[in-house]
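J.: Questions regarding the structure given below will be posed in turn.
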Amino acid sequence: MAPKRKAAASAAARKRKAPPSDWRTPIFYWRGAISGAEWTGTWVASAAGLPRDAEFKESANTFSLRCSQPIMSLVDEEDREVKTAHFTGSYKLDNGEGLADYEDVEHSIAVCFGPEWASVAARG
0 MAPKRKAAAS AAARKRKAPP SDWRTPIFYW RGAISGAEWT GTWVASAAGL PRDAEFKESA
60 NTFSLRCSQP IMSLVDEEDR EVKTAHFTGS YKLDNGEGLA DYEDVEHSIA VCFGPEWASV
120 AARG
C-alpha cells in the first residue's frame, strides 16, 4: 500500500509559519555622550526601527567605551579617507540572570564621508 499524503491544509499551515529568524534582527542602537576618547550612554535592541528617546532614557543597558584616539578626530567632512579606530570597554546585558557587565575583546569602527552622506560601521 502506498504511503498516504498529508492533507493540503497542513501544507498551507507550513507556509504560514513565521520565516526563520534573521541574524540582523534585532538591531542594537547605541546612544551616548562623547568626551575626548570616551563614549558612554545606553543601548536599546529593536526590531521595529530606531527606538524613541524615552526608550534610551529608560534603558538599564549602559555602556562605557574608550577609543584608541579622540573620537571627534574621526569626523572630518573635508577628508574623504576612511578613518578607523578601536574601542575597548564594557556594557550591561541581561542574558536572563539579571544585568551583568560584559566586555568584547575590541570594537572596531570606521568612518567615511561622501559629498552628501556619512557612513559609520562598527563591529565587536
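Be aware that the sequence shown starts at 0, since it is given in numbering that gives the first Met the number 0, and climbs by one per residue. Think of the CB as a built atom: it goes at the ideal place given N, C-alpha and C, for glycine as much as any other residue.
Within its chain, find whatever has a CB closer than 8 angstroms to the CB of ASP75; leave out the 5 residues flanking it on each side and keep chain order.
T.: Only LYS82 and PHE112 meet the Cβ criterion.
J.: Would you check if the stretch 58–71 and the stretch 36–48 touch, i.e. whether three or more CB-CB distances between them fall below 8 angstroms?
T.: At 8 angstroms Cβ cutoff, the stretches touch.
J.: Report the option in ARG122, ILE33 and GLY40 whose CA atom is closest to the CA atom of SER72.
T.: Of the candidates ARG122, ILE33 and GLY40, the one whose C-alpha sits nearest the C-alpha of SER72 is ILE33.
J.: Under the rule that 16 or more other beta-carbon atoms within 10 Å means buried, what is TRP129, buried or exposed?
T.: No answer is possible for residue 129: the residues shown for the chain start at 0 and end at 123.
J.: Report the start-end ranges of each alpha helix (DSSP H) in the stretch 29–71 that is 4 residues or longer and not cut off at the edges.
T.: Correct list: 52–57.
J.: Pull up the DSSP beta-bridge partners for GLY97, would you.
T.: Note: GLY97 sits in no beta bridge, so no partner.
J.: With a 10 Å radius around its C-beta and 16 neighbouring C-beta atoms as the bar for buried, classify TYR101 as buried or exposed.
T.: Per the 10 Å Cβ criterion, exposed.
J.: Nearest CA to the CA of TYR28: which residue from GLY48, TRP38 and GLU80?
T.: Answer by Cα proximity: GLY48.
J.: If distances are taken between C-alpha atoms only, which option among ARG65, GLU80 and GLY97 comes closest to VAL119?
T.: Comparing Cα positions, the closest option is GLU80.
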